[in-house]
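Undergrad:
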Amino acid sequence: MIATRSETIASSILSAAQALFLAKNYGEVSMDDIAQVVGVTKGALYYHFASKEALYVAMMNTALRDKQALFEEVVKSQGTCRERLRRMALAFFHLPREKRDLFKLVRRDINIFQDPTRTQLIRAYQAALPEQLEAIIADGIRDGEIIPADPRLLSWLKVAMVEVILTRYAESVFRDPDGTADFIINMFFNGVGAR
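As structure tokens, then:
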């Protein structure tokens with residue numbers, strides 16, 4: 042299917058917004074900045090997105106839906122809990138850095154927004170990552186691979202471990218996705234692996 046000119050412009054706007062929101066805080070990015078990077082008028086920008094908040098939400102929803110689809114494939118795959126968690130980590134760490142860093146924006150920017158936007162972003166984040174992990178961990182508990190515990194809590198523990206690895210320092214320590222995935226999986230299972 043060939044994208045229309047309008048779809049191409051909207052995609053360019055979302056890409057530019059992503060780069061700017063990753064480089065600067067939400068409040069430091071203006072619609073003028075985005076229009077200038079894309080090379081469109083502010084009118085064209087507002088034609089596609091009614092406000093900076095609407096643009097941000099569209100950008101995050103697109104990114105989180107993409108990751109949710111990627112991780113759902115791993116959840117549906119065969120293998121042990123450990124194998125599937127490793128595949129999920131590899132899928133994540135093989136993403137380009139800017140795609141990985143988008144997850145950090147949810148935590149960084151969430152308190153800027155009021156409900157219902159805030160709740161919508163939290164819900165999209167939870168569906169994209171913690172709920173996917175929770176499904177695999179629940180299987181691991183059921184199969185005796187992980188000690189009996191609350192799978193939701195364990196999924197958030199795993200998310201927290203990955204967030205530590207998303208720093209520039211950790212990136213300098215772990216130079217390849219396989220080593221990074223192995224480290225996280227080993228750390229996770231050394232703490233919760235069934236004895």
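Just so you know, the sequence shown maps onto residues 42 to 236 in my numbering.
Positions of the beta carbon are idealized from the N, C-alpha and C atoms, including for glycine.
(1) So, helix, strand or coil for residue 187, using DSSP?
(2) Inspect the beta-carbon positions of residue 127 and residue 133 and report whether they are closer than 8 Å.
(3) Could you give the residue range of the alpha helix (DSSP H) that holds residue 212?
(4) Give a yes or no on whether the C-beta atoms belonging to residue 182 and residue 190 are separated by under 8 Å.
(5) At the level of alpha carbons, what is the spacing between residue 209 and residue 46?
(6) By the three-class DSSP mapping on this structure, what secondary structure does residue 117 have?
(7) With a cut-off of 8 Å, do at least 3 Cβ pairs link the stretch 58-77 to the stretch 108-120?
(8) Please list, in chain order, all residues of the same chain as residue 68 whose beta carbon is under 8 Å from its beta carbon, the five residues on each side excluded.
TA: Working from what's here:
(1) In the sequence shown, counting from the first residue as 1, residue 187 sits at position 146. Strand at residue 187.
(2) Sequence index remark: in the sequence shown, residue 127 carries index 86 (1-based). Sequence index remark: in the sequence shown, residue 133 carries index 92 (1-based). No, the Cβ-Cβ distance between residue 127 and residue 133 is not below 8 Å.
(3) Position 171 of the sequence shown holds residue 212. Taken as a continuous stretch (DSSP letters only), the alpha helix (DSSP H) holding residue 212 covers 209-214.
(4) Locating residue 182 in the sequence shown gives position 141, counting from the first residue. Locating residue 190 in the sequence shown gives position 149, counting from the first residue. Yes.
(5) Taking the sequence shown and counting its residues from 1, one reaches residue 209 at position 168. Taking the sequence shown and counting its residues from 1, one reaches residue 46 at position 5. Answer to the nearest angstrom: the Cα atoms are 37 Å apart.
(6) Counted from its first residue, the sequence shown places residue 117 at position 76. DSSP, reduced to helix, strand and coil, places residue 117 within a helical segment of the structure shown.
(7) Counting C-beta pairs closer than 8 Å gives fewer than three between the stretch 58-77 and the stretch 108-120, which falls short of the contact rule.
(8) Position 27 of the sequence shown, counted from the first residue, corresponds to residue 68. Taken in chain order, the residues that qualify are 153.
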